[in-house]
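Here the structure is laid out as structure tokens; the discussion comes afterwards.
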Amino acid sequence: MTRTISTPAYAANSPTMPLAPFTIERREPEANEVLMDVLFCGVCHSDLHQARDEWGAGIFPMVPGHEIVGKVTQVGSGVTNWKVGDTVGVGCLVGSCQHCEACDSGEEQFCKSSRGTYNSYEKDGKTPTYGGYSTRLTVDENFLVRIPASIPLDRAAPLLCAGITTYSPLRHFGVKAGDSVAIVGLGGLGHMGVKLAKAMGAKVTVLSHSPGKREDALRLGADDFVVTKDPDAFTQNADRFSFILDTVSAQHDYNAYLGLLKRDGTMVLVGAPPEPTPVGAFPLIMGRRRLAGSPIGGIRETQEMLDFCAEHGVASDIELIPIQQINEAYERMLKNDVRYRFVIDLASLASQ
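All letters in the sequence shown, in the order written, are residues 11 to 362 by the working numbering.
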């Protein structure tokens with residue numbers, strides 16, 4: 011029988027309750043698994059959505075967290091790629107079938123049997139997965155990535171979701187040096203989009219309805235800033251960009267932004283507004299433009315992204331918090347009061 015380790019965590023016991031101290035049982039690693047101490051965990055907006063069951067199908071009690079960085083403390087008998095003391099990360103996935111076309115292509119995020127780091131089930135189909143708002147994590151060795159030594163660990167954590175979510179479409183759709191790229195929104199995703207597109211050599215413009223974010227956008231590396239609520243913003247910038255990365259999860263008019271694309275330009279959605287957004291045919295037809303979507307990347311691409319960030323000195327801008335402030339952090343996220351990602355220092359839970 012597999013031994014388990016009592017592990018401190020924070021959980022939402024129901025969608026209407028604040029997160030509170032909770033204890034989970036982490037199993038000691040099986041043959042192909044690794045046990046890690048969690049040092050830092052980013053706070054993604056999707057943590058809030060799922061903890062409050064705003065997307066439905068929530069599994070409670072729920073321990074959120076899928077931007078996880080820590081140290082390997084134990085390895086299973088069959089593990090060959092990892093050793094005790096390695097600095098590793100875990101993102102949004104902890105499992106997949108590993109033999110379908112998507113998995114064979116290194117794109118486990120599209121596997122029909124993929125398993126989320128939390129609010130999902132283990133491979134037995136009945137044991138809930140629990141995320142990184144905890145001091146330990148047991149995970150399949152194939153779903154770990156190596157954190158380069160040059161990236162500060164607390165600032166590396168958000169790269170496991172916000173970083174790969176923006177890197178993947180930039181790479182997949184071929185953004186290259188000299189391209190004119192627009193980033194819609196300057197939040198947790200948007201600020202990473204700016205840094206990564208700039209590191210790829212693109213000319214980067216931030217499109218935001220908040221004039222107060224201009225200084226930050228330029229500090230992060232943007233070459234230009236457009237206030238989208240200005241009456242002439244869309245006419246003055248028509249046909250300007252070869253690529254638009256839309257990170258906004260609030261309702262907005264996709265048709266207006268499509269008009270900012272050059273001929274054969276591409277707009278990719280990574281933000282997910284709660285309601286469907288109508289898209290007209292003509293903004294697409296008249297410029298032979300494309301509207302696409304993209305989730306996270308696979309494990310191989312996530313490692314590629316981390317290595318790219320290390321090479322180019324890219325890391326997330328964060329506010330480090332103790333876990334005891336997580337409910338306050340959720341409320342501040344709703345007010346866009348974070349620059350640009352909360353990260354939990356799990357030492358605050360380990361010492362509790």
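Glycine is no exception: its CB is placed at the ideal position from the N, C-alpha and C atoms.
Please confirm whether residue i and residue j have their CB atoms less than 7 Å apart.
| i | j | result |
| --- | --- | --- |
| V353 | A167 | yes |
| A41 | S87 | yes |
| P293 | N265 | yes |
| T312 | I157 | no |
| E151 | V100 | no |
| L170 | E77 | yes |
| D47 | T83 | yes |
| L356 | L49 | yes |
| F251 | S190 | yes |
| M277 | I254 | yes |
| A19 | V73 | yes |
| I328 | R298 | no |
| L228 | H201 | no |
| V348 | D256 | no |
| G75 | G142 | yes |
Nearest to residue i by CA position, among the options, is which residue?
| i | options | result |
| --- | --- | --- |
| G303 | A22, P179, C102 and A30 | P179 |
| E117 | R310, A339, R349 and S326 | R310 |
| A207 | G184, H59, S144 and G141 | G184 |
| G68 | S24, A187 and L49 | S24 |
| L268 | Y131, R300, T83 and E329 | R300 |
| S144 | I15, E225, D274 and S326 | I15 |
| R165 | S326, E35, K205 and M343 | S326 |
| A320 | A159, T17 and L58 | A159 |
| R146 | R298, L45 and E329 | L45 |
| I331 | M315, L316 and V53 | V53 |
| Y131 | N91, P71, G95 and G211 | P71 |
| M296 | K205, D57, T148 and R273 | R273 |
| R13 | C110, M343, E111 and T148 | T148 |
| A243 | H262, L217, D256 and T17 | L217 |
| G290 | L316, G211 and D263 | D263 |
| G95 | V79, Q108, S56 and C102 | V79 |
Determine the direct distance from the alpha carbon of residue j to that of residue i, and round the result to whole angstroms.
| i | j | result |
| --- | --- | --- |
| L196 | K223 | 8 Å |
| I336 | T33 | 17 Å |
| C51 | L359 | 12 Å |
| L271 | P28 | 43 Å |
| S124 | N346 | 31 Å |
| G188 | Y177 | 17 Å |
| P162 | E38 | 28 Å |
| K133 | V104 | 10 Å |
| V258 | S220 | 13 Å |
| T127 | T139 | 6 Å |
| F235 | T215 | 5 Å |
| H182 | A260 | 25 Å |
| K93 | K81 | 10 Å |
| R62 | T26 | 6 Å |
| G226 | K205 | Note that residue 226 is Asp in the sequence shown, not Gly. Straight-line Cα distance between these residues: approximately 12 Å. |
Residue i and residue j look like a contact to me (Cβ under 8 Å); what is the Cβ gap, rounded to whole Å?
| i | j | result |
| --- | --- | --- |
| V368 | A248 | The chain is shown only over 11 to 362; residue 368 falls outside these bounds and no answer can be derived. |
Go through the region 58–126 residue by residue and report every complete run of the alpha helix (DSSP H) that reaches 4 residues or more, in order. 111–114
Which ranges would you report for the alpha helix (DSSP H) in the region 264–295 if only whole runs of at least 4 residues count? 264–268 and 292–295
Which ranges would you report for the alpha helix (DSSP H) in the region 149–189 if only whole runs of at least 4 residues count? For the region 149–189, whole alpha helix (DSSP H) runs of length 4 or above, ordered along the chain, are 163–166 and 172–182.
For the region 199–257, list the alpha helix (DSSP H) runs that are entirely contained and at least 4 residues long, ordered along the chain. Residue ranges of uninterrupted alpha helix (DSSP H) with 4 or more members, entirely inside the region 199–257 and ordered along the chain, are 224–230 and 243–246.
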